[in-house]
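Numbering (our numbering), first residue to last: 3 to 226.
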């Protein structure tokens, strides 16, 4: 299978690793491309999606003594991942980070982080050069300006990186509402983080189905 063929293959819980890069307080201060609360919502949602589908997660931070620890909400959503502390702007130049990604045995790498134009773009390009299929969750990333974010995404796309969004990743993992083992967990993430769509799910469950739980019958499952 060619590299192009594998990039066209859908993401699945058994073929990828999700890495979160530098979601730290000081890094957020420099963000100008996305609202901070929206960024946090999207990032935590992605982490919860990975946890719901038992996808390996790698956490990394840069100079936490200066930039602060990773968001506690992120650490709580990925309790099995031990944060890797770096000094390098490019995580792919940190041996511990590369070792953690390699240890998962997955050749698809899903990246989210701060800042898009530096600590996301650099490892995305290097991982791509090392034979990984790289996906960047653009709405769980932030750049210093809107232009910096967009140009970084454009640069990565031109190199072969695939842009995705957190909700796309979640629903790509689920794909079929008949998958009962992850159905409830998927809806839990949607209800908490998907805004109006999540509110709509709650409406269907409480008003139409008369059930406030996530165990709606198959005939009433929500369309994606």
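Yeah, the Cβ is synthetic: ideal placement off N, Cα and C, and Gly gets one too.
Only residues of its own chain outside the window of five on either side were considered, and among them 79 and 80 have a CB closer than 7 Å to the CB of residue 53, listed in chain order. Judged by their CB atoms, residue 25 and residue 94 are not nearer to each other than the 8 Å cut-off. When the five nearest sequence neighbours on each side are left out, the beta carbons in the same chain lying within less than 6 Å of the beta carbon of residue 187 are those of 54, in order along the chain.
Counting only unbroken stretches of 3 or more residues, the beta strand (DSSP E) elements lying wholly within the segment 119 to 145 are 135 to 139, in sequence order.
At the C-beta level, residue 13 and residue 112 come within 8 Å of one another. Contact annotation: the segment 113 to 125 touches the segment 142 to 161, with at least three C-beta pairs closer than 8 Å. Distance from the CA of residue 125 to the CA of residue 33, rounded to the nearest whole angstrom, comes to 19 Å. In this structure the segment 82 to 89 lies against the segment 58 to 65, because at least three pairs of beta carbons, one per stretch, are closer than 8 Å.
Bridge pairing for residue 203: absent [DSSP]. By the C-beta density criterion, residue 58 is buried, having at least 16 other C-beta atoms within 10 angstroms.
Collapsing the DSSP output to three states places residue 174 in a helix.
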